[in-house]
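Protein chains in written order, with our numbering: chain A, 1 to 225; chain B, 1001 to 1225. For glycine and all other residues, C-beta sits at the position ideal for the given N, C-alpha and C.
There are 2 protein chains.
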Amino acid sequence: MRKQRSDGQETRQNLLTAAGEIFARKGFRDTTIAEICKQAGANTASVSYHFGSKEALYVESWRYAFTRSLSIYPPDGGIPHGAPPEERLHGRILAIMRRIIDPQSHDFDIFHKEMANPTGLLAKPMQESVEPIFKGLTLLVSELLGKEPQEPEVRLCAMSIRAQCFGPLLHARRRKRTQEPPTTCIESLPDDVEELADHVTRFSLAGIRALRPKHPQQSNNEVGS
Amino acid sequence: MRKQRSDGQETRQNLLTAAGEIFARKGFRDTTIAEICKQAGANTASVSYHFGSKEALYVESWRYAFTRSLSIYPPDGGIPHGAPPEERLHGRILAIMRRIIDPQSHDFDIFHKEMANPTGLLAKPMQESVEPIFKGLTLLVSELLGKEPQEPEVRLCAMSIRAQCFGPLLHARRRKRTQEPPTTCIESLPDDVEELADHVTRFSLAGIRALRPKHPQQSNNEVGS
DNA sequence: AAATAAATCAAATATACATTTAACTTATCA
DNA sequence: TGATAAGTTAAATGTATATTTGATTTATTT
């Protein structure tokens, strides 16, 4: 077997990164192979050659973007396993937000578009990738709440937290992209992710504590595993 | 000026309702005029005749769907102005959720797709329609929190509430459409909107109380306006 | 009943775009 | 050096679909 020409892998890479960015900005249907190839400095036929089709490129570019993003921002936020759960919650929230807000990361834009307007092409890979991250959050909430992970309260609280992470930041991303001024009250939120994460953590911890069984007053830290 | 033929307004109507449903399901780019016209029992040329273009039909069908939806589910949830703010919050949350979950209402699907993948066609009308609703929620939060509406804490809490309303229900809608079973932990949430609304209200009231200035313990109702 | 304008229709037109083709280039190995 | 295969290219092909056209139908008015 002959050694591959190095150029081949290079255009493949260029196509993947260009595709990730443009698919994230315009969605599957609105991006043309021509635009991707132009940005990647490649011929339009190269997509068919390297990936087989626009659809296959879509899937591959998402995998590529997601893997990269996850390696930069690990889901637990780098907080050690033994730290108090409040701190670990803050770490997870911050990790999600950083991942969404990073202008170099495109996987969340694609995720969002796929949620709103599914092509069906990413259903399985997204499921497999996102599920364990959400499961980690659910387990943490279960710990904070003092209930089993299957209990409806746990799932509801986990949902509340996830929703607060996604909602505001997708707006922020869009605003950054389109350069529109924050005229509306919807968009006027802090540019600083830390501030947002602090708020969501505090807000959610209060919400969780209000749903804790029995012991109404307990110290803020030190919730048994 | 002659009186219009009654049939004309009828196909116009049929086009509007068919368009609302299909645009909501497939998004602007993926729906074809042919499909809308087939469902409306009209000729493909009728869109151009009655609305001028696919784009104009898109805008009109959203306006139509939104107006209808708002008249069925008023933003304040029908709770009297004088009721305690906790109750009014619950009413607003329930109204948003009912509006999203109603299978006859398509404006929220279009809203969501437009957020994820803006055509730009709905920016102004959506802004004008949604802004006052959100402002109402912000004022209510300001009252509950005992701070001015401009304060960052008020906006953050209002965001937290909005996000909790949107997040889970868009999933629910999609699930209902595609008939997929709730295999993942993301989707396994109560089918009952009331339950969801109760949770979000309780969770959020706790979050708000935790951010109240001074007076740590105050009765649940009776927060001065 | 004839005239007029609104409304509908089947078919034609035009455009955008994914994919294919077949020729061409370049690197590797005998 | 020349054969082979990977990689690249401009142009061709085919399909999907928004919009237009010109003919036709229908209701209203005089």
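Residue span of the alpha helix (DSSP H) that contains residue i, given as start and end
i: B:TYR1064; result: 1054-1072
i: B:ALA1095; result: 1085-1101
i: B:HIS956; result: As displayed, chain B neither begins before 1001 nor continues past 1225, which places residue 956 of chain B out of reach and without an answer.
i: A:ASP107; result: 107-116
i: B:ILE1033; result: 1033-1040
i: B:HIS1050; result: 1045-1051
Beta carbon proximity, residue i to chain B, threshold 9 Å
i: A:ILE33; result: no
i: A:PRO168; result: yes
i: A:SER204; result: yes
i: A:ALA45; result: no
i: A:SER160; result: yes
i: A:GLU148; result: no
i: A:GLU195; result: yes
i: A:ASP30; result: yes
i: A:GLU153; result: yes
i: A:HIS171; result: yes
i: A:GLY207; result: yes
Same chain, Cβ closer than 8 Å to residue i, neighbours up to 5 away in sequence not counted
i: A:VAL154; result: THR138, VAL141, SER142, LEU145, LYS147, GLU148
i: A:GLU194; result: LEU94
i: A:GLY136; result: PRO75, ASP76, ARG92
i: A:VAL130; result: PHE111
Cβ distance (whole Å) where residue i is taken to contact residue j below 8 Å
i: B:GLY1082; j: B:ALA1095; result: About 18 Å separates the two Cβ atoms, so there is no contact after all.
i: B:ALA1019; j: B:LEU1057; result: 5 Å
i: B:LEU1122; j: B:TRP1062; result: 6 Å
i: B:ASN1117; j: A:LYS113; result: 5 Å
i: A:ILE22; j: A:THR31; result: 5 Å
i: B:ALA1206; j: A:GLY207; result: 5 Å
is_contact[residue i, chain A] using C-beta, thresh 9 Å
i: B:PHE1231; result: Given a span of 1001 to 1225 for chain B in the structure shown, any question on residue 1231 of chain B remains unanswerable.
i: B:VAL1059; result: no
i: B:CYS1157; result: yes
i: B:HIS1081; result: no
i: B:SER1129; result: no
i: B:ALA1163; result: yes
i: B:PRO1085; result: no
i: B:ALA1116; result: yes
i: B:ILE1100; result: no
i: B:ALA1210; result: yes
i: B:LYS1113; result: yes
i: B:VAL1200; result: yes
i: B:GLY1027; result: yes
Three-state class that DSSP yields for residue i in the structure shown
i: A:ALA123; result: helix
i: A:LYS147; result: coil
i: A:ILE161; result: helix
i: A:ASP76; result: coil
i: B:PRO1132; result: helix
i: B:GLN1009; result: helix
i: B:PRO1152; result: helix
i: A:HIS81; result: coil
i: B:PRO1213; result: coil
i: B:SER1219; result: Note that B:SER1219 scores 40 on pLDDT, short of 50, meaning its location in the model is unreliable; the coordinates nonetheless yield the value given after this. In this structure, B:SER1219 counts as coil in the three-state DSSP scheme.
i: B:PRO1182; result: Bear in mind that the predicted position of B:PRO1182 carries a pLDDT of just 47, short of 50, making it unreliable; the figure below should be weighed with that in mind. Note: B:PRO1182 maps to coil in three-state DSSP.
Sequence-distant residues of its chain with Cβ nearer than 6 Å to residue i (five each side left out)
i: A:SER204; result: ILE161
i: A:THR119; result: PHE28
i: A:ILE33; result: THR44, VAL47, LYS54
i: B:ALA1158; result: LEU1137, THR1138, VAL1141
Spatial neighbours of residue i in its chain, beta-carbon cut-off 7 Å, leaving aside the 5 residues before and after
i: A:ALA24; result: HIS106, ASP109, ILE110
i: A:THR183; result: Interpretation of A:THR183 is limited by its pLDDT of 49, a score under 50 that renders its predicted location unreliable; the figure taken from the coordinates is listed afterwards. Same-chain partners within the cutoff: there are none.
i: B:TYR1073; result: ALA1095, ARG1098, ARG1099
i: B:GLU1060; result: LEU1016, PHE1051
i: A:GLY41; result: ASN14
i: A:ARG212; result: LEU145, GLY146
i: A:GLU35; result: ILE22
i: A:CYS37; result: ASN43, THR44, SER46, VAL47
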